[in-house]
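Going by the working numbering, the letters in the sequence shown line up with residues 12 to 237, in that order.
What follows is a single structure, written as C-alpha coordinates, with notes after it.
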Amino acid sequence: MNVVLFGASGMIGTGVLIESLADDRVESVVSIGRRPSGHNHPKLRELIRSDLLDYNDIREQLRGLDACFYCLGVSSVGMDEAAYTHVTYELTVAAADVLAELNPRLTFCFVSGAGTDSTEEGRVMWARVKGRAENDLLDSPIKAYLFRPGYIQPMKGARSKTALYRVAYLLIAPFYPILKRLAPRQVTTTENVGRAMIEVAANGFEKRILGNAEINDVAGRQMTPR
12 MNVVLFGASG MIGTGVLIES LADDRVESVV SIGRRPSGHN HPKLRELIRS DLLDYNDIRE
72 QLRGLDACFY CLGVSSVGMD EAAYTHVTYE LTVAAADVLA ELNPRLTFCF VSGAGTDSTE
132 EGRVMWARVK GRAENDLLDS PIKAYLFRPG YIQPMKGARS KTALYRVAYL LIAPFYPILK
192 RLAPRQVTTT ENVGRAMIEV AANGFEKRIL GNAEINDVAG RQMTPR
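This is the structure in C-alpha coordinates:
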(Lines of atoms letter the chains of each structure in order from A; the text may use other names.)
(Lines give C-alpha, C1' and ligand atoms only; values in the text may rest on other atoms or scores of the structure.)
Protein backbone atom coordinates (compact mmCIF):
# COMPACT_ATOMS: atom_id res chain seq x y z
CA MET A 12 0.00 0.00 0.00
CA ASN A 13 0.98 3.60 -0.60
CA VAL A 14 -0.27 5.76 2.26
CA VAL A 15 -0.41 9.40 3.24
CA LEU A 16 -0.14 10.29 6.91
CA PHE A 17 -1.23 13.56 8.49
CA GLY A 18 0.04 14.52 11.94
CA ALA A 19 3.16 12.35 12.12
CA SER A 20 4.79 14.68 14.65
CA GLY A 21 2.04 14.10 17.23
CA MET A 22 1.78 11.22 19.68
CA ILE A 23 -0.73 9.11 17.78
CA GLY A 24 0.74 10.00 14.41
CA THR A 25 4.20 8.99 15.58
CA GLY A 26 2.85 5.62 16.65
CA VAL A 27 1.09 5.12 13.33
CA LEU A 28 4.23 6.14 11.43
CA ILE A 29 6.42 3.70 13.36
CA GLU A 30 4.08 0.81 12.57
CA SER A 31 3.72 1.86 8.93
CA LEU A 32 7.47 1.94 8.39
CA ALA A 33 7.82 -1.49 10.00
CA ASP A 34 4.99 -3.25 8.13
CA ASP A 35 5.82 -4.89 4.80
CA ARG A 36 2.33 -4.17 3.48
CA VAL A 37 3.10 -0.45 3.47
CA GLU A 38 5.36 0.31 0.52
CA SER A 39 5.59 4.08 0.93
CA VAL A 40 4.51 6.81 3.33
CA VAL A 41 3.95 10.45 2.41
CA SER A 42 3.91 12.48 5.62
CA ILE A 43 2.16 15.85 5.51
CA GLY A 44 2.36 18.34 8.35
CA ARG A 45 3.70 21.62 9.63
CA ARG A 46 6.67 20.01 11.35
CA PRO A 47 9.06 17.18 10.47
CA SER A 48 8.30 13.81 11.99
CA GLY A 49 11.86 13.33 13.19
CA HIS A 50 12.13 9.99 11.38
CA ASN A 51 14.31 8.97 8.44
CA HIS A 52 13.45 5.88 6.42
CA PRO A 53 13.67 4.78 2.77
CA LYS A 54 9.88 4.43 2.64
CA LEU A 55 9.22 7.91 4.06
CA ARG A 56 8.83 11.17 2.13
CA GLU A 57 7.89 14.31 4.06
CA LEU A 58 6.00 17.33 2.75
CA ILE A 59 6.34 20.14 5.29
CA ARG A 60 3.88 22.95 4.65
CA SER A 61 2.13 25.73 6.53
CA ASP A 62 -1.03 25.63 4.40
CA LEU A 63 -3.11 22.54 5.16
CA LEU A 64 -6.22 23.81 3.36
CA ASP A 65 -4.97 24.14 -0.22
CA TYR A 66 -3.10 21.28 -1.91
CA ASN A 67 -3.09 22.51 -5.51
CA ASP A 68 0.70 22.80 -5.58
CA ILE A 69 1.23 19.14 -4.62
CA ARG A 70 -1.69 17.45 -6.35
CA GLU A 71 0.53 15.21 -8.47
CA GLN A 72 2.32 13.98 -5.36
CA LEU A 73 -1.02 12.89 -3.89
CA ARG A 74 -1.98 10.53 -6.71
CA GLY A 75 -1.64 6.75 -6.53
CA LEU A 76 -2.49 6.48 -2.83
CA ASP A 77 -4.33 3.56 -1.26
CA ALA A 78 -4.96 4.91 2.23
CA CYS A 79 -4.88 8.01 4.39
CA PHE A 80 -4.06 7.81 8.10
CA TYR A 81 -5.39 11.10 9.44
CA CYS A 82 -3.93 11.70 12.91
CA LEU A 83 -3.79 15.50 12.88
CA GLY A 84 -5.51 17.03 15.87
CA VAL A 85 -5.28 19.23 18.95
CA SER A 86 -6.67 19.27 22.45
CA SER A 87 -9.77 21.43 22.77
CA VAL A 88 -8.59 22.75 26.15
CA GLY A 89 -8.42 26.54 26.00
CA MET A 90 -9.72 26.73 22.42
CA ASP A 91 -12.91 28.41 21.28
CA GLU A 92 -15.23 26.56 18.93
CA ALA A 93 -14.18 28.46 15.80
CA ALA A 94 -10.49 27.69 16.27
CA TYR A 95 -11.15 24.07 17.17
CA THR A 96 -13.48 23.69 14.18
CA HIS A 97 -10.78 24.99 11.85
CA VAL A 98 -8.28 22.34 12.94
CA THR A 99 -10.62 19.43 13.55
CA TYR A 100 -13.23 19.91 10.84
CA GLU A 101 -12.05 22.26 8.11
CA LEU A 102 -8.55 20.82 7.71
CA THR A 103 -9.89 17.26 7.78
CA VAL A 104 -12.50 17.90 5.10
CA ALA A 105 -10.01 19.78 2.91
CA ALA A 106 -7.64 16.82 2.95
CA ALA A 107 -10.41 14.28 2.39
CA ASP A 108 -11.86 16.22 -0.54
CA VAL A 109 -8.63 16.44 -2.52
CA LEU A 110 -7.70 12.84 -1.77
CA ALA A 111 -11.14 11.63 -2.83
CA GLU A 112 -10.83 13.50 -6.12
CA LEU A 113 -7.39 12.09 -6.89
CA ASN A 114 -7.83 8.60 -5.40
CA PRO A 115 -11.49 7.50 -5.61
CA ARG A 116 -10.77 4.07 -4.08
CA LEU A 117 -8.86 5.48 -1.11
CA THR A 118 -9.50 4.26 2.45
CA PHE A 119 -9.54 7.13 4.97
CA CYS A 120 -8.74 6.28 8.61
CA PHE A 121 -9.65 9.20 10.88
CA VAL A 122 -8.59 9.53 14.52
CA SER A 123 -11.64 10.81 16.38
CA GLY A 124 -12.27 10.07 20.06
CA ALA A 125 -14.42 8.17 22.52
CA GLY A 126 -17.54 10.19 23.31
CA THR A 127 -17.81 11.82 19.88
CA ASP A 128 -21.32 13.19 19.27
CA SER A 129 -22.70 11.96 15.95
CA THR A 130 -25.86 14.06 16.39
CA GLU A 131 -23.75 17.27 16.37
CA GLU A 132 -26.23 18.67 18.92
CA GLY A 133 -24.70 17.85 22.29
CA ARG A 134 -23.40 20.32 24.85
CA VAL A 135 -19.76 19.23 24.64
CA MET A 136 -18.03 21.37 22.01
CA TRP A 137 -15.23 19.02 20.96
CA ALA A 138 -17.64 16.09 20.65
CA ARG A 139 -19.96 18.06 18.36
CA VAL A 140 -17.13 19.17 16.11
CA LYS A 141 -15.65 15.68 15.91
CA GLY A 142 -19.11 14.36 15.11
CA ARG A 143 -19.49 16.85 12.27
CA ALA A 144 -16.15 15.77 10.81
CA GLU A 145 -17.10 12.10 11.13
CA ASN A 146 -20.45 12.62 9.43
CA ASP A 147 -18.90 14.46 6.50
CA LEU A 148 -16.35 11.68 6.04
CA LEU A 149 -19.06 9.01 6.10
CA ASP A 150 -20.96 10.96 3.44
CA SER A 151 -17.89 11.33 1.22
CA PRO A 152 -17.25 9.04 -1.77
CA ILE A 153 -14.18 7.46 -0.18
CA LYS A 154 -14.42 4.65 2.36
CA ALA A 155 -13.96 6.19 5.80
CA TYR A 156 -13.23 4.40 9.07
CA LEU A 157 -13.55 6.35 12.29
CA PHE A 158 -11.21 5.46 15.13
CA ARG A 159 -12.58 6.46 18.54
CA PRO A 160 -9.90 5.56 21.07
CA GLY A 161 -10.32 6.31 24.74
CA TYR A 162 -7.18 6.05 26.83
CA ILE A 163 -4.07 5.57 24.66
CA GLN A 164 -0.72 4.59 26.16
CA PRO A 165 2.21 5.90 24.07
CA MET A 166 4.69 3.20 23.04
CA LYS A 167 8.03 2.93 21.22
CA GLY A 168 9.05 6.53 21.84
CA ALA A 169 5.76 8.21 20.89
CA ARG A 170 5.09 11.15 23.20
CA SER A 171 2.48 13.85 23.65
CA LYS A 172 3.28 17.44 22.72
CA THR A 173 1.41 18.63 25.84
CA ALA A 174 3.64 18.79 28.91
CA LEU A 175 0.83 17.96 31.34
CA TYR A 176 -0.14 14.90 29.32
CA ARG A 177 3.49 13.76 29.15
CA VAL A 178 3.68 13.81 32.94
CA ALA A 179 0.40 11.91 33.20
CA TYR A 180 1.56 9.24 30.77
CA LEU A 181 4.83 8.82 32.68
CA LEU A 182 2.92 8.37 35.93
CA ILE A 183 0.46 5.90 34.43
CA ALA A 184 3.01 3.87 32.44
CA PRO A 185 4.05 1.57 35.34
CA PHE A 186 0.40 0.74 35.98
CA TYR A 187 -0.60 0.23 32.35
CA PRO A 188 -0.10 -3.58 32.47
CA ILE A 189 -2.57 -3.65 35.38
CA LEU A 190 -5.07 -1.46 33.51
CA LYS A 191 -4.74 -3.68 30.47
CA ARG A 192 -5.39 -6.78 32.55
CA LEU A 193 -8.34 -5.31 34.47
CA ALA A 194 -9.99 -3.46 31.57
CA PRO A 195 -8.45 -4.73 28.32
CA ARG A 196 -11.24 -3.31 26.17
CA GLN A 197 -11.09 0.17 27.68
CA VAL A 198 -7.45 1.00 26.97
CA THR A 199 -5.20 0.81 23.93
CA THR A 200 -1.75 1.91 22.74
CA THR A 201 -0.28 3.96 19.93
CA GLU A 202 1.14 0.68 18.62
CA ASN A 203 -2.31 -0.89 18.42
CA VAL A 204 -3.83 2.16 16.74
CA GLY A 205 -1.15 2.00 14.05
CA ARG A 206 -1.50 -1.73 13.52
CA ALA A 207 -5.29 -1.47 13.39
CA MET A 208 -5.19 1.30 10.78
CA ILE A 209 -2.90 -0.74 8.55
CA GLU A 210 -5.07 -3.84 8.91
CA VAL A 211 -8.28 -1.91 8.15
CA ALA A 212 -6.69 -0.21 5.14
CA ALA A 213 -5.43 -3.55 3.81
CA ASN A 214 -8.45 -5.76 4.49
CA GLY A 215 -11.38 -3.58 5.53
CA PHE A 216 -13.56 -4.04 8.60
CA GLU A 217 -17.21 -4.83 9.18
CA LYS A 218 -17.78 -1.65 11.19
CA ARG A 219 -17.08 1.94 10.20
CA ILE A 220 -16.59 3.08 13.81
CA LEU A 221 -13.89 1.46 15.95
CA GLY A 222 -13.60 2.03 19.68
CA ASN A 223 -10.80 0.74 21.88
CA ALA A 224 -12.21 -2.80 21.87
CA GLU A 225 -12.32 -2.99 18.08
CA ILE A 226 -8.93 -1.30 17.72
CA ASN A 227 -7.34 -3.90 19.99
CA ASP A 228 -9.12 -6.77 18.26
CA VAL A 229 -8.08 -5.65 14.78
CA ALA A 230 -4.52 -4.92 15.90
CA GLY A 231 -4.26 -8.47 17.17
CA ARG A 232 -5.03 -10.02 13.81
CA GLN A 233 -2.27 -11.81 11.95
CA MET A 234 0.38 -9.35 10.82
CA THR A 235 2.81 -9.85 7.97
CA PRO A 236 6.42 -10.68 8.92
CA ARG A 237 8.53 -7.67 9.84
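Just so you know, even glycine gets a beta-carbon here, dropped at the ideal spot from N, CA and C.
| query | result |
| --- | --- |
| So, residue 114 versus residue 74, is the Cβ gap smaller than 8 Å? | yes |
| Tell me, please, which residues DSSP counts as bridged to residue 153. | Looking at the DSSP assignment, residue 153 forms no beta bridge with any residue, so it has no partner. |
| If we call anything under 8 Å between Cβ atoms a contact, is residue 76 one with residue 102? | no |
| Report the rounded CA-to-CA distance for residue 137 versus residue 188, giving the unit in angstroms. | 30 Å |
| In chain order, what residues of the same chain have a beta carbon less than 8 Å from the beta carbon of residue 128, not counting five sequence neighbours either side? | 135, 138, 139, 141 and 142 |
| Within the same chain, show all residues whose beta-carbon is closer than 7 Å to that of residue 12, passing over the 5 residues directly before and after it, in chain order. | 36, 37, 38, 77, 78, 212 and 213 |
| Count the other C-beta atoms from every protein chain shown that fall within 10 angstroms of the C-beta of residue 219, then say buried if there are 16 or more, exposed otherwise. | exposed |
| Nearest to residue 64 by CA position, among 178, 199, 106 and 166, is which residue? | 106 |
| In terms of alpha-carbon separation, which member of 229, 88, 18 and 93 lies closest to residue 200? | 229 |
| Quick one: using the 10 Å Cβ neighbour count with 16 as the cut-off for buried, is residue 203 buried or exposed? | buried |
| Check the DSSP bridge columns for residue 15 and list the partner residues they point to. | 41 and 79 |
| If contacts are defined as beta-carbon pairs under 8 Å, then residue 29 and residue 191 qualify, I think. What distance do you get, rounded to the angstrom? | That pair is no contact at about 19 Å. |
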